[in-house]
Amino acid sequence: MRGRCHKLFCILLLCLFMGSCDKYTGQDELKVQDNNRNIIKEINQKGDVNVVEKKDIQEEHLDGKELNKKYRDYPAGTEIDIEELNQESLKSLFYMEELNQEIINRINGKSYKENCDIPYSDLRYIRVLHIGFDGLTHIGEMIVNKAIAQDVIDIFWELYSISYPIEKMLLIDDYNADDLESMKDNNSSAFNFRFIEGTSKRSVHSDGLAIDINPLYNPYVRTREGKLEILPENAEEYVDRSIDNIYYIRKDDPCYEAFIKRGFTWGGEWKNSKDYQHFEKKIGD
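The sequence shown begins at 1 in full-length UniProt numbering and counts up by one.
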């Protein structure tokens with residue numbers, strides 16, 4: 001009889017122990033990383049396995065400085081995946097900085113010519129994102145006068161936010177500072193120390209106060225000595241502005257509005273010539 005009671009007591013203790021184990025497991029489900037399948041397995045108290053896809057959210061937790069560092073070495077034109085980036089993270093990729101030695105070396109003898117009289121300290125290198133003609137996000141770059149740098153960043157953020165298409169945004173130095181070659185390739189650009197084509201008049205681009213957007217589709221047009229002149233030369237089919245084209249800059253379209261409300265003027269409203277690609281801003285002395 002004594003042996004039987006002892007046996008029953010042991011069984012009772014064992015049951016109590018098992019119950020407490022089940023209760024603990026129920027509070028903390030076991031999560032196991034399956035590295036081979038990039039998933040997480042959740043094991044509940046009944047032993048059931050729930051497979052959960054693991055999302056790559058590493059970039060979501062990077063602050064602005066970390067994101068800038070991550071993408072700094074990516075050349076302009078690079079397509080980036082923004083799927084895991086929130087609005088704050090995206091906006092951190094729109095920024096300006098003073099010209100460092102790498103940028104100075106890149107522009108010397110090209111857009112920054114020997115007779116250039118604007119100091120490096122008056123210029124800013126900006127990095128932004130833009131929607132290419134492929135509908136994807138690309139890194140863009142530009143050099144502008146420091147007086148308009150923040151305006152320019154705000155403009156491109158506004159245009160990016162509505163998916164306004166800009167095909168390319170590279171420093172004109174990638175085209176050996178040849179404005180015609182840059183326009184032919186539909187490259188949007190700003191600073192370039194030069195004179196207005198066919199004149200001895202200094203261009204506003206020389207001070208980094210003018211920006212050309214999608215220049216192939218928005219050419220410079222004028223009549224010279226009775227002859228129509230179109231720049232770039234391969235833009236003849238885009239001279240007729242009555243034709244519908246989503247890449248045309250027109251009065252009251254989003255690109256026009258973004259620049260005009262920040263004090264820029266548009267070359268498409270000039271009287272003696274039309275420069276549909278061109279926006280410029282005058283600043284005080």
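Yeah, the Cβ is synthetic: ideal placement off N, Cα and C, and Gly gets one too.
Reduced DSSP category for residue i - H, G, I as helix; E, B as strand; rest coil
{"i": "residue 283", "result": "coil"}
{"i": "residue 273", "result": "strand"}
{"i": "residue 112", "result": "strand"}
{"i": "residue 192", "result": "coil"}
{"i": "residue 202", "result": "strand"}
{"i": "residue 217", "result": "coil"}
{"i": "residue 172", "result": "helix"}
{"i": "residue 79", "result": "strand"}
{"i": "residue 104", "result": "helix"}
{"i": "residue 68", "result": "helix"}
{"i": "residue 207", "result": "helix"}
{"i": "residue 212", "result": "strand"}
{"i": "residue 181", "result": "helix"}
{"i": "residue 84", "result": "coil"}
Which listed residue (the options) has its alpha carbon closest to that of residue i
{"i": "residue 127", "options": "99, 180, 194, 254", "result": "99"}
{"i": "residue 101", "options": "92, 88, 116, 121", "result": "121"}
{"i": "residue 284", "options": "271, 147, 256, 104", "result": "147"}
{"i": "residue 96", "options": "105, 135, 142", "result": "142"}
{"i": "residue 208", "options": "185, 214, 218, 195", "result": "195"}
{"i": "residue 190", "options": "69, 81, 277", "result": "277"}
{"i": "residue 172", "options": "111, 255, 79, 249", "result": "111"}
{"i": "residue 300", "options": "151, 241, 94", "result": "This structure gives no information on residue 300, because the portion of the chain shown stretches from 1 to 285."}
{"i": "residue 268", "options": "216, 255, 201, 250", "result": "250"}
{"i": "residue 124", "options": "261, 70, 162, 149", "result": "149"}
{"i": "residue 79", "options": "262, 169, 158, 202", "result": "169"}
{"i": "residue 174", "options": "225, 109, 202", "result": "109"}
{"i": "residue 217", "options": "188, 225, 202, 226", "result": "188"}
{"i": "residue 271", "options": "235, 234, 221", "result": "221"}
{"i": "residue 186", "options": "261, 234, 242", "result": "234"}
{"i": "residue 163", "options": "133, 153, 154", "result": "133"}
C-alpha distance - residue i paired with residue j, whole-angstrom precision
{"i": "residue 223", "j": "residue 231", "result": "12 Å"}
{"i": "residue 316", "j": "residue 73", "result": "Outside the shown range of the chain, which is 1 to 285, sits residue 316, and nothing can be said about it."}
{"i": "residue 252", "j": "residue 259", "result": "10 Å"}
{"i": "residue 140", "j": "residue 182", "result": "14 Å"}
{"i": "residue 199", "j": "residue 66", "result": "46 Å"}
{"i": "residue 83", "j": "residue 76", "result": "19 Å"}
{"i": "residue 281", "j": "residue 180", "result": "22 Å"}
{"i": "residue 184", "j": "residue 273", "result": "19 Å"}
{"i": "residue 49", "j": "residue 137", "result": "At residue 49, the pLDDT of 40 sits below 50, so the modelled position is not reliable and the matter cannot be decided from this model."}
{"i": "residue 219", "j": "residue 237", "result": "10 Å"}
{"i": "residue 114", "j": "residue 229", "result": "30 Å"}
{"i": "residue 131", "j": "residue 166", "result": "6 Å"}
{"i": "residue 88", "j": "residue 94", "result": "10 Å"}
{"i": "residue 204", "j": "residue 248", "result": "22 Å"}
{"i": "residue 176", "j": "residue 192", "result": "10 Å"}
{"i": "residue 144", "j": "residue 118", "result": "11 Å"}
{"i": "residue 279", "j": "residue 256", "result": "9 Å"}
{"i": "residue 178", "j": "residue 161", "result": "31 Å"}
{"i": "residue 206", "j": "residue 116", "result": "8 Å"}
{"i": "residue 227", "j": "residue 275", "result": "16 Å"}
{"i": "residue 70", "j": "residue 104", "result": "22 Å"}
{"i": "residue 261", "j": "residue 129", "result": "21 Å"}
{"i": "residue 106", "j": "residue 153", "result": "22 Å"}
Local Cβ density within 10 Å of residue i, reported as buried at 16 or more and exposed below that
{"i": "residue 239", "result": "exposed"}
{"i": "residue 135", "result": "exposed"}
{"i": "residue 212", "result": "buried"}
{"i": "residue 214", "result": "buried"}
{"i": "residue 86", "result": "exposed"}
{"i": "residue 286", "result": "Missing from the structure shown is residue 286; the chain here goes from 1 to 285 and no further."}
{"i": "residue 36", "result": "Summary for residue 36: the model assigns pLDDT 37, below 50, so the residue's position carries little reliability, and this model does not support an answer."}
{"i": "residue 244", "result": "exposed"}
{"i": "residue 53", "result": "With a pLDDT of 34 at residue 53, under the threshold of 50, the modelled position of that residue is not reliable, and the figure given next carries that caveat. Exposed is the call here."}
{"i": "residue 44", "result": "Model confidence at residue 44 stands at a pLDDT of 41, short of 50, so the residue's coordinates are unreliable and nothing is read from them."}
Near the ligand GTP: residue i beta-carbon under 7 Å from a heavy atom
{"i": "residue 91", "result": "Absent from the structure shown: the ligand GTP. Ligands present: none."}
Which whole runs of the beta strand (DSSP E) in the region 120-170 are 3 residues long or more, in chain order?
123-131, 137-145
List in chain order: all unbroken beta strand (DSSP E) runs of 3+ residues lying wholly within the region 222-265.
227-231
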